[in-house]
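Working notes for the structure below.
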Amino acid sequence: MSGKNDSESSFLIRLSQARVQALPFLRKVLGSSALSIAPRNSKSILPHNLSNLKPLTAKDLFNNRFPNLNLSYYTDLTKNILTNITYIPIAGKANYLFVIKDLFNREIMGWEIAPSLETRHLLTAFKRALIRRKSPKGIIFHSDRGVQYVSEDFRKELNTNEFIQSMSRKGNCYDNAPMESFFKTPKVEEVYRRKFNTIKEAKYFLFDYIERYYNRRRRHSTLGYLSPVEFREKITA
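Residue numbers (our numbering): 131 to 367.
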């Protein structure tokens, strides 16, 4: 019975989320007569957060080093890059997805999945993002207050490439909301319905999801119902 209930719950979660995502798009394409249904509240059947891990933060470094944290990084969307780290279970153990996102077109510029929170994994994602984001001088690089972002190695890379560092205000999770929204997408749509046995398997799936689907095919209402790559190509044509 438990297996059946879990299967039904998983199906309902996917169905509910698919309806939530599809409604605005269908109304946009088909007009007001397309749908009159409202998505049901699926909170009661959502899976519990698998992680009880508490993020590491650097509490005493910010007032002196970063006196102007997050001074309205929404003012110029063409000059803002966001980053964050989320937990993904692999074979019952904690692994971490490092993601760097361009706020301009919601494109995932760089990412890495690794079994630890070491700064070197963040640097891998960062260097991949640099391949796509040319001329980063003056671009705001926004993150939360994780210790990886104030590490000497990472700050050196930011300075070398002339980024302006920005961080969320203490206790304000909404400062990095556009980055958090991406994590909700793969977790709800795909990650929770899959069981990864190896990190290689997870990387293969994430490459397919991020590079082939999310960046190139997933439509965003904020981009005029274009995918991130479609929007970038339209603007730069």
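All residues carry an ideal CB built from backbone N, CA and C; glycine is no exception.
If you're wondering where the values come from, they're calculated on a predicted model, not measured in any experiment.
DSSP beta-bridge partners of Phe326: Ile220
Leu233 versus Lys264: straight-line alpha-carbon distance, rounded: 15 angstroms
Range of the contiguous alpha helix (DSSP H) that encloses His251: 249-262
Through-space distance from Ile365 to Asn225, alpha-carbon basis: Asn225 and Ile365: Cα-Cα distance of roughly 36 angstroms.
Contact the region 234-241 vs the region 350-361: 3+ CB pairs below 8 angstroms: yes
Ala244 (DSSP reduced to helix, strand or coil): strand
The beta strand (DSSP E) enclosing Phe271, as first and last residue numbers: 270-273
Reference Met309, options Phe228, Ala221, Glu282, Thr208, closest by Cα: Phe228
Contact set for Lys209: own chain, Cβ-Cβ below 7 angstroms, skip 5 residues either direction: Gly268, Ile269, Ile270
Cβ-based neighbour list, Phe293, same chain, cut-off 6 angstroms, excluding 5 preceding and 5 following: Excluding sequence neighbours, Phe293 sits near Pro266, Ile269, Phe271.
Leu212 to Met239 span [Cα, whole Å]: 10 angstroms
Spatial neighbours of Gln295 in its chain, beta-carbon cut-off 6 angstroms, leaving aside the 5 residues before and after: Phe271, Leu288
Local Cβ density within 10 Å of Ser163, reported as buried at 16 or more and exposed below that: With a pLDDT of 38 at Ser163, under the threshold of 50, the modelled position of this residue cannot be trusted; read the value that follows with caution. The residue in question, Ser163, is exposed, as its Cβ has fewer than 16 Cβ neighbours within 10 Å.
Simplified DSSP assignment, three categories, for Leu233: Note: Leu233 maps to coil in three-state DSSP.
Neighbourhood of His350 by C-beta, 6 angstroms cutoff - its chain only, sequence neighbours within 5 removed: Arg236
8 angstroms Cβ shell around Leu336 - same chain, five flanking residues per side excluded: Leu227, Trp241, Ile243, Pro316
Limits of the alpha helix (DSSP H) - the one that Ile340 falls within: It is not in any alpha helix (DSSP H) - Ile340 carries neither H nor E in the DSSP assignment.
Straight-line Cα distance separating Tyr339 from Phe326: Between the C-alpha atoms of Phe326 and Tyr339 there is a straight-line separation of about 14 angstroms.
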